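Protein chains in written order, with the working numbering: chain A, 1 to 441; chain U, 442 to 619.
Yeah, the Cβ is synthetic: ideal placement off N, Cα and C, and Gly gets one too.
Remember, it's a predicted structure, so these values are computed and weren't measured experimentally.
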Amino acid sequence: METTGTAPGVHPKPLWSVAPDSDRQAGDAVVSNFVLHWFPAKALKDSLAWRYSLWLGTISAALLLLLTVSGLPLLFLHVPSVERAYGSVKDIEYVVTFGYWIRSVHRFAAHFMVAAVFLHLVRVFLTGAYKNGTGRGQHREWNWVIGVAMLLVTLFLSFTGYLLPWDQLAYWAVTVGTNIASAVPLAGPKIRELLIGGRTIDQPTLIRFSVMHVVLLPGLLGGLFAYHMWRIRKDGGLATADRAAALPARAEVPAGKTKTYTLLGIARGTGPTIRASSVEAPDTTVNSVPDLTRRAAIVTLGTMAFISILSVFVHSPLEEPANALVTPNPAKAPWYFLWLQEIVTDTTIKIGSFTVNGAFIGGVVLPGLLVVLMAAWPWLDRSPAAAAGRWFPQSRRTQNLVFLLIVLAVLVLTFVGTFCRGPYWGLYWPWQAWPELPTRI
Amino acid sequence: MTDKTAKSSGPTRPGDRREFLVRIGIWTGLVALAGQALASLRSLVPNVSYDSPTTVKLGPPSEFPDGMKFLPEERLFVFREGRIFHAISAVCTHLGCTVRAEALSQIETKTVEGSPLRISHRFLCPCHGSRYTGDGENVAGPAPRPLAWYHLSIAADDGQLVVDLAHPVDRSFRLTIA
């Protein structure tokens, strides 16, 4: 087909061109394609750099996609009933063809997603990417808040997910998790009752967590994800784009002649203003097709390949069936909650004869404070706009150090919980043998 | 809008009425939405509890050995010293895991709230490492309170031992059978 005769926005190829002939065709490839329409037509080289974003957000999104896809067959196979859930998971593991692989993909993708989303948050903090730059109408601080909410939803998705096999890990995790919820003053016991659908953990609990895991939370995360992406476009791309836009000589552009530039065209009013001269400069930008799409494809397909191959070789564990009569010794949460398990262990405070339960301090107050502080940080960060979109700028050194110390503390507590806790939650070195204890009383 | 402020003290104008009706419409819609949301949420609060009953028959007292017996279903330790019984909960006061009893090498007698008590065990929690003495006193780890003691009685009909799991008692409680 002749490319010269086509109308704007109509791409001559049915899908999109991997190697477009012209800038025009590259732009049309984005605009006319449903999957690509959220990408800008042109992207700054800086924002595509591996070393700037480490592509952690894309990795998280790829894992979310993989989780959705691998969750679908599991949804057909898992029976959310206390009598049959464990058996159905055991069937998935040992009877269903490729069942163990699908379950492993789902489980590994979930574990890596918690890690990827957390690392993405660390990257965004360290580069000050929640800061607004030179653009008008930017609200990166709100995208950061959305991101924090997405981390919480991701954690809650993992929590509700590992309950579904209804094994020992599941049962005692709900016991501890919902008792933390009931440590909230006044409303606590009501919240617990609403979560587990009664006063004891039983069928209503399983069905509640199941519905949250497969409908409510994925829907919520999907909505937040779409808004997260949309905001990036509204904020003029990654924070590093503002730096690139601010760098070239400003004097060349007459005052007032700035374009409101959304890269899909000229927006009305509220889009961020980026000086056209720098963004359009051929040496700083590339066409999204194929430069952005190629990298996005490498990251997405690479993530999927990594998880898929890993899952062929490493099977998922399944503990003994849920037993309300015996608490495992030690009873450990999954690794990403072990730092919390450590905190609730160490925060029971005695003031005179008055004792505050660690469940409240470590399970409610401290994590709550961390989340509120994190969400509010863009408003507390008083560093200049020029610090946005750069790794370790001098003006943000102190806050980056404090943040890294908190991250380090969380990692150390996670390590202690994973490798140094033995029977009765006692401290042991990782190489030290645990004492033999009778399993029956 | 400027003429509105100018005449704000005067009689109601058609514009004000329209604005008022629009507001009523919006608020009615919001209230209706909130009502439906609350109704949906309320449907998730159970009206009937299918939980196991809190008053449980534990069997004839003669079936209990001298010393301690653990009842996993009730998450309860029942102690017997001849004709005297008492019961201590196995639910950790920190976050609700089931504590395990560990026999002491030496049985000691301790005065608890004015009455002597034979201490044969201590209790350890596998979840966060709380430790309790044999009378349920929290001595180490994150547990904020002692283990609960529950009320014991003898069933009037068949003479079985009965525990009331909704009725904590203080640590001087003893049931003496005939």
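Given residue i as reference, the closest of the options once Cα atoms are compared
i         : options                                       : result
Thr-347/A : Phe-337/A, Ala-359/A and Val-148/A            : Ala-359/A
Gly-128/A : Ala-115/A, Leu-301/A, Ala-297/A and Pro-393/A : Pro-393/A
Gly-135/A : Thr-240/A, Tyr-100/A and Leu-217/A            : Thr-240/A
Pro-494/U : Leu-602/U, Phe-511/U, Glu-460/U and Ala-607/U : Ala-607/U
Gly-71/A  : Arg-382/A, Gly-99/A, Val-344/A and Leu-54/A   : Gly-99/A
Glu-549/U : Arg-541/U, Ala-542/U, Glu-543/U and Leu-558/U : Leu-558/U
Phe-419/A : Ile-307/A, Trp-335/A and Thr-345/A            : Trp-335/A
Val-540/U : Leu-565/U, Arg-524/U, Gln-547/U and Glu-522/U : Leu-565/U
Asp-611/U : Asp-576/U, Leu-479/U, Leu-474/U and Gly-466/U : Asp-576/U
Arg-192/A : Val-69/A, Val-30/A, Leu-186/A and Ala-181/A   : Ala-181/A
Val-489/U : Pro-204/A, Ala-433/A, Gly-223/A and Phe-112/A : Pro-204/A
Ser-613/U : Val-486/U, Gly-456/U and Lys-551/U            : Lys-551/U
Pro-487/U : Leu-54/A, Asp-46/A and Gly-197/A              : Gly-197/A
Thr-327/A : Leu-474/U, Ala-542/U, Glu-554/U and Asp-599/U : Ala-542/U
Val-69/A  : Leu-224/A, Val-184/A and Val-214/A            : Val-214/A
Trp-391/A : Ala-375/A, Trp-50/A and Asn-33/A              : Trp-50/A
Val-82/A  : Val-96/A, Pro-321/A, Ala-387/A and Leu-413/A  : Pro-321/A
Ala-305/A : Asp-28/A, Leu-65/A, Arg-24/A and Ser-22/A     : Leu-65/A
Beta-carbon proximity check, residue i vs residue j, cutoff 8 Å
i         : j         : result
His-120/A : Leu-67/A  : no
Phe-195/A : Thr-178/A : Looking at the sequence shown, residue 195/A is not Phe but Leu. In contact: Leu-195/A and Thr-178/A (Cβ atoms closer than 8 Å).
Arg-140/A : Asn-132/A : yes
Ala-85/A  : Leu-206/A : yes
Phe-505/U : Leu-602/U : yes
Pro-80/A  : Leu-152/A : no
Ile-92/A  : Leu-75/A  : no
Ala-331/A : Pro-513/U : no
Ile-618/U : Arg-483/U : no
Thr-398/A : Leu-36/A  : no
Cut-off 7 Å between Cβ atoms - residues of its own chain near residue i, not counting five sequence neighbours on either side
i         : result
His-228/A : Asn-143, Ile-146, Gly-147 and Met-150
Thr-574/U : Ile-560, Arg-563 and Val-580
Phe-108/A : Ile-307, Leu-310 and Ser-311
Pro-583/U : His-535, His-569 and Ser-571
Glu-319/A : Asp-167, Gln-168 and Leu-169
Val-103/A : As written in the sequence, residue 103/A is Arg, which differs from the Val given in the question. Cβ within range, chain order: Leu-74, Ile-92, Glu-93 and Ser-316.
Pro-609/U : Ala-589, Trp-590 and Tyr-591
Glu-578/U : Pro-587
Tyr-443/A : With chain A covering only 1 through 441, there is no way to say anything about residue 443/A.
Leu-217/A : Val-153, Phe-156, Leu-157 and Thr-160
Inter-residue CB distance, residue i and residue j (contact presumed, cutoff 8 Å)
i         : j         : result
Thr-160/A : Phe-209/A : 5 Å
Arg-295/A : Leu-48/A  : 6 Å
Arg-586/U : His-527/U : Incorrect: roughly 18 Å between the Cβ atoms, too far for contact.
Ser-530/U : Tyr-491/U : Not quite, the Cβ-Cβ distance comes to about 22 Å (not below 8 Å), so this is no contact.
Trp-172/A : Cys-538/U : 6 Å
Leu-44/A  : Gly-237/A : 7 Å
Lys-42/A  : Thr-200/A : Going by Cβ atoms, the distance from Lys-42/A to Thr-200/A rounds to 59 Å, so no, they are not a contact pair.
Pro-423/A : Asn-329/A : 5 Å
Val-30/A  : Ser-288/A : 5 Å
Gly-137/A : Asp-242/A : Between Asp-242/A and Gly-137/A the Cβ distance is about 13 Å, and since that is not below 8 Å, they are no contact.
Pro-378/A : Arg-233/A : Incorrect: roughly 19 Å between the Cβ atoms, too far for contact.
Phe-313/A : Phe-125/A : With a Cβ gap of about 34 Å, Phe-313/A and Phe-125/A do not count as contacting.
Neighbourhood of residue i by C-beta distance below 8 Å, restricted to the same chain and skipping five residues each side
i         : result
Met-212/A : Phe-156 and Thr-160
Ala-116/A : Leu-56, Ile-59, Ser-60 and Leu-63
Glu-460/U : none
Tyr-428/A : Cys-420, Arg-421, Gly-422 and Trp-434
Trp-38/A  : Met-229, Trp-230 and Arg-233
Close Cβ partners of residue i (< 6 Å) along its chain, the five nearest in sequence each way excluded
i         : result
Ala-61/A  : none
Val-344/A : Gly-358, Ala-359, Gly-362 and Gly-363
Ser-594/U : Val-603
Val-497/U : Glu-515 and Val-604
Gly-417/A : Leu-338, Gln-341 and Glu-342
Phe-520/U : Met-509 and His-527
Val-356/A : Ile-349
Val-176/A : none
Ala-26/A  : Pro-20, Asn-287 and Val-289
Pro-502/U : Leu-602 and Ile-618
Gly-87/A  : none
Ile-467/U : none
Listed by chain order, chain C residues near residue i by CB distance under 7 Å
i         : result
Gly-570/U : The question asks about chain C, but that chain is absent: this structure's protein chains are A and U.
* Asked: Hey, is the stretch 366-383 of chain A in contact with the stretch 419-439 of chain A, meaning 3+ C-beta pairs nearer than 8 Å?
  -> no
* Tell me, please, whether the stretch 283-301 of chain A touches the stretch 370-387 of chain A by the rule of three or more beta-carbon pairs shorter than 8 Å. => no
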